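Comments concern the structure below.
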Amino acid sequence: MKLNNKIAVITGGGSGIGEAISKAYAKEGATVIIADRDASAASKVSNEIGGATSSIEVDISRRSTVMAAAEQVISNYGRVDILVNNAGSRIIKGFMQHTEEDWDHMLAINLSGPFHCSQAFIPSMVKNGGGSIINLCSIASYIGRPNRCGYVAAKSGLIGLTRTMAIDLSIKKIRVNAISPGMIASPFNQSFAESEATGDTWATENLVGRWGVPDDISGAAVFLASDSAEFITGSDIKVEGGWLYGRARSGEIPIWDD
Ligand SMILES: NC(=O)c1ccc[n+]([C@@H]2O[C@H](COP(=O)([O-])OP(=O)(O)OC[C@H]3O[C@@H](n4cnc5c(N)ncnc54)[C@H](O)[C@@H]3O)[C@@H](O)[C@H]2O)c1
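Following the numbering used here, the numbering of the sequence shown begins with 119 at its first residue and continues without gaps.
Here you go:
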């Protein structure tokens with residue numbers, strides 16, 4: 119097993135990608151702590167996994183609750199080896215329709231949340247000689263997307279935070295990497311996946327030709343947290359079916375002459 123004896127905190131582990139990562143980590147031998155704002159979703163996933171898995175209610179955008187949760191986790195488990203900053207949310211509105219609250223909310227959850235959680239768990243990693251932090255970025259970390267100004271700004275900031283944390287924490291043997299998902303059919307994107315207008319068309323926009331599923335992300339998350347990725351830090355694995363690098367114009371298909 120790739121994560122034997124590791125203790126991992128996964129924020130937003132109560133749903134979608136975080137749930138898939140939590141289950142994959144447990145399968146690879148890690149002890150998993152699911153930290154989510156939605157306490158009942160987190161405890162449902164924790165019960166499904168069983169064993170030493172537990173859940174804790176935390177709003178990652180509120181620093182004081184993050185610090186209190188981290189204290190509780192460390193007092194229960196002794197240390198944390200892996201932190202997956204996965205919790206996130208998105209507002210879709212026109213640029214001028216974004217209120218100050220919308221903007222602050224997007225930055226608080228998607229950018230400040232990973233900062234608070236990292237600062238809360240890093241002292242334990244330092245004490246134990248190292249660790250691994252994985253930030254869930256996005257295709258929106260690389261390109262503009264319509265009607266998502268707060269989300270795109272925050273996710274773009276998060277890729278920068280990942281890189282600078284990788285440098286600042288390298289002296290304490292903490293690796294910091296990102297995963298950038300494309301269109302994943304989790305509850306986050308359910309309405310787009312099920313909609314007649316976007317369900318099929320978005321699936322064919324990437325090179326693999328289907329919507330991603332939460333489990334597409336867990337393989338990358340296991341790898342980055344494992345010792346196999348010991349020489350990888352400050353990096354990003356894009357799990358988006360090739361969407362960022364290979365979009366054909368409408369009607370253009372690869373020519374293949376047998
Ligand atoms: N689904 C996609 O297509 C997609 C694409 C790119 C990036 N992402 C990113 O992947 C991550 C996971 O997305 P998902 O699709 O699983 O979303 P999801 O909506 O299915 O799950 C998000 C989880 O985060 C929790 N959460 C939200 N705000 C929180 C807060 N303030 N404190 C603690 N927990 C909070 C929710 O309760 C939920 O359990 C997010 O960071 C998202 O931005 C998702």
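Don't be surprised by glycine CBs; every beta carbon is placed ideally from N, CA and C. Note that the structure is a prediction, hence the values are computed from the model and not measured.
{"query": "Contacting residues, own chain, Cβ-Cβ under 7 Å from S161 (five flanking each side not counted)", "result": "S173"}
{"query": "Any non-hydrogen atom of ligand 1 within 6 Å of G317 CB", "result": "no"}
{"query": "L254 CB to nearest heavy atom of ligand 1 below 6 Å", "result": "yes"}
{"query": "Nearest-angstrom beta carbon gap, I200 and G250 [assumed within contact, 8 Å]", "result": "Checking the sequence, you will find Ser at residue 250 rather than Gly. Contact holds; Cβ gap of about 5 Å."}
{"query": "Start and end residues, alpha helix (DSSP H) containing R281", "result": "C267 to S288"}
{"query": "Coarse secondary structure for S353, derived from DSSP in three states", "result": "coil"}
{"query": "Cut-off 6 Å between Cβ atoms - residues of its own chain near D354, not counting five sequence neighbours on either side", "result": "A296 and S298"}
{"query": "Every unbroken beta strand (DSSP E) inside the region 282 to 339 [3 residues or more]", "result": "292 to 299"}
{"query": "Nearest-angstrom beta carbon gap, L254 and N204 [assumed within contact, 8 Å]", "result": "5 Å"}
{"query": "3 or more residues per run - each beta strand (DSSP E) lying fully within the region 131 to 177", "result": "149 to 154 and 172 to 175"}
{"query": "Supposed close pair I455, L121 - CB separation, criterion 8 Å", "result": "Residue 455 falls outside the range modelled here, since the chain spans only 119 to 376, and no answer is possible."}
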